[in-house]
Amino acid sequence: MISLFLDTSSKKLVVILVKDKEIIGKKELESINDHSSYLVPFIKELLDLNNIKTNDINKIFVVNGPGSFTGTRIGVTVGKVLAFSNNIPVIPVSSLKQYIFSLENYDYYVSIIKDKNNRMYYGIYDKDYNDIVVDKYQTKDVFLKDINDLKNVVFISEEEIDGIDTIKPILNINKLIDYYKDKEINAHYLKPNYLKKIDAEDKL
Amino acid sequence: MNEYKLTTRCEEDTISIAENLEAEKFPGMVICLNGELGSGKTVFTKGFAAALGISETITSPTFNIIKEYLNGEMPLYHMDIYRLEDNPESTGLLDYFDKDGVVIIEWANMIEDYLPEERLDVYFKVIEEDKRIIKFIPHGQKYEELCEDAL
Chain A
196 MISLFLDTSS KKLVVILVKD KEIIGKKELE SINDHSSYLV PFIKELLDLN
246 NIKTNDINKI FVVNGPGSFT GTRIGVTVGK VLAFSNNIPV IPVSSLKQYI
296 FSLENYDYYV SIIKDKNNRM YYGIYDKDYN DIVVDKYQTK DVFLKDINDL
346 KNVVFISEEE IDGIDTIKPI LNINKLIDYY KDKEINAHYL KPNYLKKIDA
396 EDKL
Chain B
359 MNEYKLTTRC EEDTISIAEN LEAEKFPGMV ICLNGELGSG KTVFTKGFAA
409 ALGISETITS PTFNIIKEYL NGEMPLYHMD IYRLEDNPES TGLLDYFDKD
459 GVVIIEWANM IEDYLPEERL DVYFKVIEED KRIIKFIPHG QKYEELCEDA
509 L
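So, in structure tokens, the structure goes:
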């Protein structure tokens, strides 16, 4: 099975090509504001290097957010067009959840992306990696309430967070593919998941 | 929170202030310009851009909403919210606060809820034809130091 993984939701651009559980190509670019210039050439480069045609790809995994407004749309658009034009199933992946699969033996996994103004994106997942709290964008106070009672929990965050022990995010692409592989959707339904609005309820 | 007030008597004075602020620039800097039409917001921005080494002519982004100038020492993102009708969250404008350039926003008070808490607010008041009183309110330590050093 040949899988293509795309993540343009943050400043770091990631493209990974996997064939039968082996990473046969990977491109990463940090801190660029130009995902749209690099994404397609990177994909082409990885395919060409491995003599693979676009219609040989079996599944396309696209990180559709949360994250940058424009960034998420770049990955979603390219993924969608590739999928639709080659009749390949596409699978949306959460930018938060993508990092929990490199860990195991916890009862709770919490993945966090820190934003400005004391706000954060986060998701809380159970020991089987299933959603407990689906990706949210909230203030730190609400976050602390949500994590209050969790035991045997691990917190994943690129940036340090005051008062919480966090570990850096690491991507285990094979375990991610294993978890997500049947969650295919019709390419037309692939949308960016851009969360910015704070829940009105939680603000009260 | 400190306020800084300066009086300018001609465009060159406004440009001079902009140059002093530019000298203390840092990636991710956000400057919000508020004031009536013709009060000096775009003059300020022109001065800032020239100090950055941007050779392109700076024009008001009233109709474009956002203009990017990428060939200076640091990218300059010049926004004018005056004509924005959509919710800023549905436009991608907020991404600019996470980039590594300088963001200058005219009519920023129109999207007050969406602005980063740390920023420099500047208020232009027209006194006479060429005379302005410019008020600077820094929010956040980086901006307080910026004002202490540059103004």
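Chains as they are written, first to last, in this note's numbering: chain A, 196 to 399; chain B, 359 to 509. All residues carry an ideal CB built from backbone N, CA and C; glycine is no exception.
Task: Backbone secondary structure at residue 268/A - three-state DSSP - done: helix
Task: Residues bridged to residue 199/A (per DSSP) - done: 212/A and 255/A
TODO: Report the rounded CA-to-CA distance for residue 389/B versus residue 309/A, giving the unit in angstroms.
DONE: 22 Å
Task: Cross-strand partners of residue 436/B (DSSP beta bridge) - done: 425/B and 462/B
Task: Cα-Cα separation, residue 340/A to residue 202/A - done: 30 Å
- [ ] Report the residues of the segment 224–242 of chain A with a CB closer than 7 Å to any CB of chain B, ordered along the chain.
- [x] 228
Open item on the list: Tell me which residue opens and which closes the beta strand (DSSP E) that residue 217/A is part of.
Closed with: 217–224
Task: Sequence-distant residues of the same chain with beta carbon closer than 6 Å to residue 385/B, five excluded per side - done: 458
- [ ] Take the Cβ of residue 396/B as the centre, count every other Cβ of all protein chains shown within 10 Å, and call the residue buried at 16 or more, exposed below.
- [x] exposed
TODO: May I ask you to list, following chain order, the residues of the segment 302–322 of chain A that have a beta carbon less than 7 Å from some beta carbon of chain B?
DONE: 311 and 312
- [ ] Reducing DSSP to helix, strand and coil, say where residue 233/A ends up.
- [x] DSSP places residue 233/A in helix when its eight states are reduced to three.
Task: Between the CA atoms of residue 242/A and residue 279/A - distance to the nearest angstrom - done: 18 Å
Open item on the list: Which same chain residues end up closer than 6 Å to residue 219/A when comparing Cβ atoms and leaving out the 5 residues on each side of it in sequence?
Closed with: The residues are 212 and 245.
Task: Those residues which DSSP pairs with residue 333/A across a bridge - done: 315/A
Open item on the list: Can you pull out the residues from the segment 373–393 of chain B whose beta carbon lies closer than 8 Å to at least one beta carbon of chain A?
Closed with: none
- [ ] Ignore the nearest five residues each way along the sequence and tell me which others in residue 231/A's own chain have a CB closer than 6 Å to its CB.
- [x] 269, listed in sequence order.
Task: First through last residue of the beta strand (DSSP E) which encompasses residue 393/B - done: Per DSSP, residue 393/B belongs to the beta strand (DSSP E) from 388–393.
Open item on the list: Could you compute how far the alpha carbon of residue 361/A sits from the alpha carbon of residue 380/A?
Closed with: 33 Å
Task: chain B contact residues for residue 391/A, given Cβ-Cβ distances below 8 Å - done: The answer, in chain order, is 447 and 452.
- [ ] Please report the Cβ distance between residue 374/A and residue 267/A, rounded to the nearest whole angstrom; I am assuming they are in contact, meaning their Cβ atoms lie under 8 Å.
- [x] That pair is no contact at about 20 Å.
Task: Proximal residues to residue 387/B (C-beta, below 6 Å), its chain only, five neighbours per side dropped - done: 460
- [ ] For residue 266/A, decide whether its Cβ has a neighbour in chain B, counting only Cβ atoms nearer than 9 Å.
- [x] yes
- [ ] Grab the span of the alpha helix (DSSP H) containing residue 356/A for me, first residue to last.
- [x] No alpha helix (DSSP H) holds residue 356/A; DSSP gives it neither H nor E.
- [ ] Could you pull the start and end residues of the alpha helix (DSSP H) that residue 373/A belongs to?
- [x] 368–375
- [ ] State the Cα-Cα distance for the pair residue 229/A and residue 448/B, rounded to the nearest angstrom.
- [x] Each residue's alpha carbon lies about 20 Å from the other.
Open item on the list: Once DSSP output is grouped into helix, strand and coil, what is the label at residue 363/B?
Closed with: strand
Open item on the list: Considering Cα atoms alone, identify which of 366/A, 372/A, 342/A and 365/A is closest to residue 189/A.
Closed with: Any answer about residue 189/A is impossible in this case: the structure gives chain A only from 196 up to 399.
- [ ] For residue 342/A, name the three-state secondary structure that DSSP assigns.
- [x] helix
Open item on the list: For residue 226/A, count the other beta carbons within 10 Å of its own beta carbon; 16 or more makes it buried, fewer makes it exposed. Which is it?
Closed with: exposed
Task: Paired residues, beta bridge with residue 494/B - DSSP - done: 362/B and 480/B
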